[in-house]
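In what follows, a structure is listed as C-alpha cells, so that the remarks can point back to it.
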Amino acid sequence: MADVTGALHHTFGGKEYTLRLTWGVLAEIQAAHGDDFLDRLSNQDGKTPPFALMIDIAAKALAKGEKMPAIEASDLADDMLTADPELIGRLMVAALPDASGNAVGAGKRKR
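The sequence shown runs 63 to 173 under my numbering.
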C-alpha cells in the first residue's frame, strides 16, 4: 500500500517496513547517480538497470522511512531486492504516481 508521502509499506521477513522515497531522497540519488538515473531505471532497451542504483534507491528510502543507519538500510535493501526485484517499480510508483498514470491530472479549472 502506498500513500501520498511517497511511502511504500513492504513486508519482509515477517516485519512491515516503510520505505519513503521523497523529493529530498530523489535529489540525493540524482546527485550520486546523475540526472538521467530515472531513464536508466527503465528497461526499455532490454538492459537490466544498474544494481547499485536500485540498491541505493531502496536503501535511502528505507533509511528515510525507518530512520535507520545507512549501512543497515543498505544491507536490508540488498536482501529485499534479492527476494523481490519488483520492489523498485512499486517504490517508484509510490514516489512518482504521475509516471504511472495514477495521479489526478490538473485538467481545466473552473473559473
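Where is the CB? At the ideal position from N, CA and C, for every residue including glycine.
Quick caveat: nothing in here was measured; it's all calculated off a predicted structure.
query	result
Which residue from 70, 121, 68 and 85 puts its Cα closest to that of residue 138?	121
Does the beta-carbon of residue 156 have 16 or more other beta-carbons within 10 angstroms, so that it is buried, or is it exposed?	buried
Residue range of the beta strand (DSSP E) that residue 90 falls in?	Unbroken run through residue 90 is the alpha helix (DSSP H), 85-95; no beta strand (DSSP E).
So, residue 133 versus residue 91, is the Cβ gap smaller than 8 angstroms?	no
Give me the Cα-Cα distance between residue 104 and residue 111, rounded to the nearest whole angstrom.	7 angstroms
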